[in-house]
Amino acid sequence: MDSSEPDAETPLLSNTLSVREPSGPRYGADTSLAKPHQPGDVDTHRSLEDDAVPETAVLGRNLGWSSAYILIISRVIGSGIFATPGAIFSSVGSIGLSLLLWVSGAIISWFGLMVALEYGCMLPRSGGQKVYLEFTYRRPRFLASTLVAVHAVILGFTASNCIVFGEYLLFALGKAPAEHPVQVRALALGLMTGVTALHACSMRTGVAVQNILGWVKIGLVIFMTVCAGAVVVTRYTPSEPALLSRELHLRAFPSTWDGIWEGSVWNWGVISTALFKVFYSYAGLQNVNNVLNEVRDPVRTLRSAAPTALVTICLLYLLINVAYFLVIPLDEIKKSGELVGALFFERVFGETLGNLLLPLAIAVSAAGNVMVVTFALIYSFILEVEGYPGQFFSLFVSLGLIRLRRARPDLKRPYRAFLPAAWFNVFLSTALLCAPFIPYNGEDWSSHISRVSYALVGMSILLVMLLASLVLSVASAAVVAALPAKLADNPECTAPQQRRSWHDISDADRKAYLAANRCLLTSPQKLNLLPGAKTRWDELVSLHQIHALQIHTTGQFLPYHRYYLKTLEFLLQECGYTGAIPYWDETRDAGNFSTSVIFDPVTGFGGGGKAADPCVPNGPFANLTVNIGPGFGSEARCVNRRITDFFSSQCGTSFVTAALNHTTYESVLDGIYSGPHLLGHMSLAMMDGNSITSSGDPLFFMHHGFVDKMWADWQAEDPQTRYKEIGGLNAQDPDVGFSEFPGGMEQESSMWGTPSSAILAVTPDPASGDDGGKNLTLNHVMSSLGIIPNATVADVMDIKGGYLCYEYV
47 MDSSEPDAET PLLSNTLSVR EPSGPRYGAD TSLAKPHQPG DVDTHRSLED DAVPETAVLG
107 RNLGWSSAYI LIISRVIGSG IFATPGAIFS SVGSIGLSLL LWVSGAIISW FGLMVALEYG
167 CMLPRSGGQK VYLEFTYRRP RFLASTLVAV HAVILGFTAS NCIVFGEYLL FALGKAPAEH
227 PVQVRALALG LMTGVTALHA CSMRTGVAVQ NILGWVKIGL VIFMTVCAGA VVVTRYTPSE
287 PALLSRELHL RAFPSTWDGI WEGSVWNWGV ISTALFKVFY SYAGLQNVNN VLNEVRDPVR
347 TLRSAAPTAL VTICLLYLLI NVAYFLVIPL DEIKKSGELV GALFFERVFG ETLGNLLLPL
407 AIAVSAAGNV MVVTFALIYS FILEVEGYPG QFFSLFVSLG LIRLRRARPD LKRPYRAFLP
467 AAWFNVFLST ALLCAPFIPY NGEDWSSHIS RVSYALVGMS ILLVMLLASL VLSVASAAVV
527 AALPAKLADN PECTAPQQRR SWHDISDADR KAYLAANRCL LTSPQKLNLL PGAKTRWDEL
587 VSLHQIHALQ IHTTGQFLPY HRYYLKTLEF LLQECGYTGA IPYWDETRDA GNFSTSVIFD
647 PVTGFGGGGK AADPCVPNGP FANLTVNIGP GFGSEARCVN RRITDFFSSQ CGTSFVTAAL
707 NHTTYESVLD GIYSGPHLLG HMSLAMMDGN SITSSGDPLF FMHHGFVDKM WADWQAEDPQ
767 TRYKEIGGLN AQDPDVGFSE FPGGMEQESS MWGTPSSAIL AVTPDPASGD DGGKNLTLNH
827 VMSSLGIIPN ATVADVMDIK GGYLCYEYV
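Counted from 1, the sequence shown has number 91 at position 45 by the numbering used here; the numbering is strictly sequential.
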């Protein structure tokens with residue numbers, strides 16, 4: 047890794063915006079993977095690179111370093127520790143070669159892990175290989191997605207450990223699994239259902255149980271090793287056969303260098319098959335890559351937890367192998383294959399106790415890991431079938447990393463893999479893919495064909511997946527071509543949410559929406575965007591403060607507030623609200639705001655306060671506190687507003703019609719901003735009448751839903767032109783400040799608590815013509831500072847364009 051790079055700790059930060067870094071999890075900050083847009087480029091839909099930006103899971107980042115470490119341990123170490131060592135020894139024939147393969151597997155896995163670490167730190171979001179392949183290989187469309195999806199579904203074999211759990215739990219209860227297949231499947235289904243329900247109902251409890259089972263696995267391996275060591279040190283042969291049914295083989299154990307290599311099979315075909323099983327036993331080192339949205343400080347955690355887990359796993363595997371070799375005669379290991387764990391427990395604890403402890407140990411391992419290997423010969427075949435196609439993915443991920451190093455040197459890489467390691471992965475994957483077709487000891491093909499069956503099955507499945515993805519790609523292109531021009535670039539929006547006026551939704555829907563807003567006002571903050579933020583709602587208000595110079599009296603006003611509404615929509619989902627955001631059709635209450643149903647104390651936002659006491663006197667937001675503002679300060683204030691009917695008369699239908707009676711974006715922007723928008727704020731005087739801090743009142747978003755609807759209605763009059771038309775400045779002149787807002791708030795006012803130049807360092811869009819890059823373009827990137835992924839102005843131009851998917855009714 048090259049730690050000397052100035053951006054070695056920062057994943058792919060966009061060069062378009064520079065914002066004040068939050069003091070919390072830095073990787074949720076203003077980030078973008080988008081390749082810099084060129085002047086004149088127009089993207090009418092969200093690109094794949096935009097979709098690959100870091101993002102936080104709905105329930106927040108709840109996995110710390112220890113949870114990430116155990117997540118890898120639990121994923122890698124499964125019930126296979128009782129089977130795979132014996133199967134590998136049976137194949138390669140000697141202690142030395144067997145241990146060499148386990149160490150080699152760890153080293154080779156480290157090479158593969160380096161590739162995953164570079165990708166994971168470069169694209170720190172959930173998805174793992176799916177994200178990396180999609181990011182690297184764009185054409186044919188859906189190819190990477192389909193291959194990964196079908197591979198996961200067909201070759202994941204998640205159910206195998208559930209079946210193992212059922213079989214060995216029955217065995218521990220004294221029943222023969224073969225005689226009770228229905229009970230085995232019932233227990234397997236119960237395990238799968240229980241695990242799913244646990245994670246679905248209580249994520250924290252699920253993580254806690256997962257962590258406990260992970261530590262139990264580590265303790266189990268150490269316990270077995272200590273037992274083996276105790277037997278060797280004491281050379282104990284008890285007088286009671288029930289405790290040790292046969293004499294130990296210590297005298298026959300090879301104690302010389304040549305002895306541990308005796309019987310080695312050096313055929314590459316045999317070794318490659320054994321390596322598949324070793325690799326499968328190390329499978330899962332990239333498990334944290336799959337859930338990076340859930341991980342706190344994901345880049346730093348990934349860089350340390352994954353290598354530490356690999357070293358731990360390698361040591362545990364070596365210990366368990368040595369334990370087997372010390373206790374069980376080598377000839378018996380060769381004959382037992384996958385049943386080596388059963389022999390170990392029987393020899394150390396006797397048949398009675400051993401036959402109880404082994405099934406329980408296996409059941410615990412299976413319950414803690416619904417992935418790794420099982421015990422009969424059919425499952426050895428499954429390992430080979432699953433491992434073979436996986437080498438194709440490993441091959442193309444490694445090639446993709448090499449390709450990106452050359453094609454995209456602009457990407458910031460917090461971790462840089464040792465490039466020869468990527469080339470080694472390419473060579474090894476190619477060799478392993480070819481190995482099954484090398485005849486064993488010169489045997490003819492008629493005898494060798496059975497040894498190639500797993501490769502043929504794996505290749506057949508891959509071929510089917512490839513054909514399916516190509517068909518899907520062609521079909522999707524045909525569907526897109528048949529769509530109206532407005533939706534052609536973004537066919538995803540087929541069922542837009544319907545945003546309705548507050549007047550037209552049911553009381554139940556009103557209460558659900560209000561409850562979710564109240565939830566955000568009382569939920570703890572997660573990102574530390576500003577020092578005074580205490581709640582999730584404070585973080586939402588912080589965005590309006592931090593971006594103040596960019597999104598008021600500028601071209602960004604309409605697109606950013608549309609994006610801001612989407613940010614609210616995401617946060618409401620954290621509180622269980624999945625419906626569409628309503629809006630307030632202010633034309634229906636023009637001149638009489640104070641009597642509107644929206645201020646109902648039971649099914650509305652509560653009424654307005656008085657000049658002496660502007661706090662909301664009743665309703666769901668009475669007595670609640672907002673901690674952000676004015677400016678960047680932290681002044682705990684009640685949710686407050688003062689309603690003035692005089693100004694609200696200017697929000698009627700005729701006034702809205704006049705505001706929209708323009709033919710260019712900049713003129714309609716001025717009509718909306720200075721007209722219904724500004725008069726609405728003056729009518730409500732939210733949060734002490736401060737337009738910048740007014741987002742502290744949940745009513746703010748009802749008002750801006752109305753503003754957004756006006757812009758959407760204007761765009762719909764000429765969609766071919768207006769979905770691509772933008773203009774105005776991309777940021778205010780820092781010397782102007784906010785004097786145009788009610789109350790005459792100035793940028794240099796003491797309420798900001800910081801020099802004017804530090805409010806927001808603005809890097810304008812790439813220069814276009816002679817304007818010096820000051821004018822807003824469709825490529826301008828908007829940020830929610832890690833709450834949701836960044837978006838370009840182009841992304842939000844069409845409310846049914848794919849990135850957005852709603853309509854006003």
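By construction, the Cβ of each residue, glycine as well, lies at the ideal position given by its N, Cα and C atoms.
Residue i: first and last residue of the uninterrupted beta strand (DSSP E) it sits in
i: Q544; result: 543 to 545
i: E853; result: 852 to 854
Simplified DSSP assignment, three categories, for residue i
i: L429; result: Low confidence applies here, because L429 scores a pLDDT of 41, under 50, leaving its location unreliable and the question unanswered by this model.
i: T581; result: strand
i: P353; result: helix
i: S680; result: strand
i: N686; result: strand
i: T838; result: strand
i: G774; result: coil
i: V503; result: helix
i: N333; result: helix
i: V672; result: strand
i: L169; result: coil
i: C273; result: helix
i: D828; result: The identity of residue 828 in the sequence shown is Met, whereas the question assumes Asp. Here M828 sits in strand by DSSP.
i: V341; result: strand
i: L372; result: helix
Buried/exposed call for residue i, threshold 16 Cβ in 10 Å
i: N471; result: buried
i: W312; result: exposed
i: I374; result: buried
i: P227; result: exposed
i: T613; result: buried
i: H549; result: exposed
i: K656; result: exposed
i: T710; result: exposed
i: Q766; result: exposed
i: I258; result: exposed
i: L715; result: buried
i: L573; result: buried
i: A840; result: buried
i: N836; result: buried
i: W303; result: exposed
Rounded separation between residue i and residue j - CA only
i: P666; j: D635; result: 21 Å
i: F135; j: V394; result: 20 Å
i: E392; j: K221; result: 18 Å
i: A351; j: K176; result: 21 Å
i: G132; j: V386; result: 5 Å
i: M828; j: Y606; result: 7 Å
i: P344; j: Q571; result: 18 Å
i: D646; j: G622; result: 23 Å
i: L365; j: A276; result: 14 Å
i: H598; j: C360; result: 57 Å
i: I833; j: L617; result: 8 Å
i: C661; j: G675; result: 16 Å
Any chain D beta carbon closer than 9 Å to residue i
i: L560; result: Protein chains in the displayed structure number just one, and chain D is not present.
Residue i: first and last residue of the uninterrupted alpha helix (DSSP H) it sits in
i: F746; result: 745 to 762
i: V702; result: 699 to 706
i: G717; result: 711 to 718
i: D555; result: 553 to 568
i: E180; result: 175 to 182
i: H727; result: 724 to 730
i: Q766; result: 765 to 768
i: F693; result: 691 to 694
Residue i beta carbon near the ligand PLP (any heavy atom closer than 8 Å)
i: V503; result: Annotation note on the ligand PLP: not contained in the displayed structure, which lists no ligands.
For this session: Quick one: which unbroken alpha helix (DSSP H) runs of 4-plus residues sit fully inside the segment 121 to 167? Chain order, please.
Result: Annotation note: the segment 121 to 167 contains the following uninterrupted alpha helix (DSSP H) runs of length 4 or greater, listed N- to C-terminal: 130 to 138.
For this session: Could you pull out every unbroken alpha helix (DSSP H) segment of at least 4 residues lying fully inside the segment 592 to 628, listed in chain order?
Result: DSSP assignment within the segment 592 to 628 yields the following whole alpha helix (DSSP H) runs of 4 residues or more, N-terminal first: 594 to 597, 603 to 620.
Exercise. Can you give, in chain order, each stretch of the alpha helix (DSSP H) that sits fully within the segment 453 to 481 and has at least 4 residues?
Worked result: Here the runs fully enclosed are 465 to 480.
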